[in-house]
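Have a look at the structure below, then the notes.
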Amino acid sequence: MADGTSSSDKENSVPNGYNEMDKLKSTQAMHLKHLEEVANKDYYDPDQPMEERRKIRKQFRGFTRNLDDHRSEYLKPDDDGLFNLLVSADSAFKNVKQTTDATLDARFLVSALNLTTKRVLNLNVGASGVCIDIDEFVSKCKFQMQSDLAACHGHRRGEGVDDGDIDIIGGLPWDLFSIHHGFPSSRRPALSDHLLGPLAIQKKYRVMKERRKGLGRRKLETEVRPTEMTGSENETHAQASAMAKVYNTHRALTEYFENHATEDELENGMNLFKVVINPKSFSQTIENIFYVSFLVKEGNIAVWTDEDTGLLKMLPAQPATQQERREKNIYASQMIFSFTMWEWRQAIEVFDITFPPVIPHREKEDTNIGTTGWFR
Numbered sequence: 001m002a003d004g005t006s007s008s009d010k011e012n013s014v015p016n017g018y019n020e021m022d023k024l025k026s027t028q029a030m031h032l033k034h035l036e037e038v039a040n041k042d043y044y045d046p047d048q049p050m051e052e053r054r055k056i057r058k059q060f061r062g063f064t065r066n067l068d069d070h071r072s073e074y075l076k077p078d079d080d081g082l083f084n085l086l087v088s089a090d091s092a093f094k095n096v097k098q099t100t101d102a103t104l105d106a107r108f109l110v111s112a113l114n115l116t117t118k119r120v121l122n123l124n125v126g127a128s129g130v131c132i133d134i135d136e137f138v139s140k141c142k143f144q145m146q147s148d149l150a151a152c153h154g155h156r157r158g159e160g161v162d163d164g165d166i167d168i169i170g171g172l173p174w175d176l177f178s179i180h181h182g183f184p185s186s187r188r189p190a191l192s193d194h195l196l197g198p199l200a201i202q203k204k205y206r207v208m209k210e211r212r213k214g215l216g217r218r219k220l221e222t223e224v225r226p227t228e229m230t231g232s233e234n235e236t237h238a239q240a241s242a243m244a245k246v247y248n249t250h251r252a253l254t255e256y257f258e259n260h261a262t263e264d265e266l267e268n269g270m271n272l273f274k275v276v277i278n279p280k281s282f283s284q285t286i287e288n289i290f291y292v293s294f295l296v297k298e299g300n301i302a303v304w305t306d307e308d309t310g311l312l313k314m315l316p317a318q319p320a321t322q323q324e325r326r327e328k329n330i331y332a333s334q335m336i337f338s339f340t341m342w343e344w345r346q347a348i349e350v351f352d353i354t355f356p357p358v359i360p361h362r363e364k365e366d367t368n369i370g371t372t373g374w375f376r
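Position one of the sequence shown corresponds to residue 1 (UniProt numbering), numbered consecutively onward.
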């Protein structure tokens, strides 16, 4: 039974490739039959004779050739050649029944459209009937410039340089072309670059001035420049200035205790804050503390803490010799304390410190800044 079934299948079996080709042919036949029933052969005919198609192609090639040969004539506003050519092409298009032949008609229409556009532009540019083909005008300008360059570089021909290579090597001199060929033929009146009124007036050019550095605009009565010093000279000068201020402080304290101090201050000492505080200047108060510390270090002033009040007291003193220091067991002690601006104001109010202070107030030095600033 199995063998009978197998033989029957082999007899009735058909190759797959044959079935596909048969289906494709049947589909094409149905499509052609549908076109014959529905399509209009006046516009599309797949079975158009080849001889008729050759004749149509020849006609459209002739239309395109005619358009190129009579281009300058068709650009004239009073010429009807382009219109007649379009009518002939429209009549020939009635016989076109293939898409490949229709492409020739499309190319011809594109060329005719470009030519018509240029013709309209010429009508807008010149109403007097003078037509200008821009492409032709530019090509003639290039030819003229190449001729001028060839004449100027005639000696290079012997070196193997062709006239056509001049444009590539140096470029076209449009500026020289306008000077030698454009300006002489132009009817435009010649004008100067700028008109400022009378011809005697010249154009003003802006002059850029170098800006001065520093404060050069400020009018100064005197100019004081800092003295240039080396490292050792600058250090020596600073030490001498500090020692002079310490000496002035010592002299002011000595004069005060000799002429203005009370008996209680001479016996029990004077409040240190009343000596160093300047009620008008916090910065000078700090400087006074600094100068007094030098005098204490050298032994010119004695400073101690009052056992009853806990305040710092001071009196002028004579520096002790080395022998006196050993015999009386005198040793130096160091004290560091902070003194803020708030504490400075509180001390002025608590101790009722008034102006002038014990250590004279030092006026602010007038420093004139030169045109070049602080430094050279």
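C-beta atoms are modelled at their ideal positions from N, C-alpha and C, and glycine is treated no differently.
How would you call residue i, buried or exposed, if buried means at least 16 neighbouring beta carbons within 10 angstroms?
i	result
Tyr74	buried
His180	exposed
Ile277	buried
residue 386	With the chain represented from 1 up to 376, any question about residue 386 goes unanswered, as that position is not in the structure.
Val207	exposed
Phe337	exposed
Thr249	buried
Met30	exposed
Pro357	buried
Gln284	buried
Phe143	exposed
Met314	buried
Asp167	In this prediction, Asp167 scores a pLDDT of 45, lower than 50, which makes its location untrustworthy; the coordinate-derived value is nonetheless stated afterwards. Per the 10 Å Cβ criterion, exposed.
residue 377	An answer regarding residue 377 cannot be provided, because it is not within the stretch 1 to 376 covered by the chain.
Met145	buried
Phe63	buried
Ala92	buried
Val110	exposed
Val120	exposed
Ala151	exposed
Phe183	exposed
Pro279	buried
In the structure shown, what three-state DSSP assignment does residue i receive?
i	result
residue 377	Not covered by the structure: residue 377. The range shown for the chain is 1 to 376.
Met50	helix
Met145	helix
Leu75	coil
Met341	helix
Met208	coil
Met335	coil
Lys313	strand
Ser185	coil
Ala347	helix
Tyr44	coil
Lys55	helix
Asp133	coil
Ile289	helix
Gln323	helix
Asp105	helix
Arg65	helix
Thr100	helix
Thr116	helix
Thr354	coil
Gly171	coil
Asn122	helix
Asn95	coil
Asn329	coil
Asp90	helix
His180	helix
Thr364	The question names Thr, but residue 364 is Lys in the sequence shown. Lys364 falls in the coil class under three-state DSSP.
Ile359	coil
Residue j and residue i - do their beta-carbons sit closer together than 8 Å?
i	j	result
Leu149	Ala112	no
Leu311	Asn271	yes
Phe339	Ile289	yes
Val292	Ile286	no
Phe60	Asp105	yes
Asp133	Ser72	yes
Val246	Phe282	no
Pro360	Ala252	yes
Thr116	Leu82	yes
Leu266	Phe273	no
residue 377	Leu123	Because the chain here runs from 1 to 376, residue 377 falls outside it and cannot be looked at.
Segment contact flag, the region 239-246 with the region 344-359, C-beta cutoff 8 Å, min 3 pairs: no
Runs of beta strand (DSSP E) wholly within the region 228-285 (minimum 3 residues, chain order): none
Validate contact between the region 323-342 and the region 252-262 using beta carbons, cut 8 Å, 3 pairs: no
The region 50-61 / the region 93-113 touching (three or more Cβ pairs under 8 Å): yes
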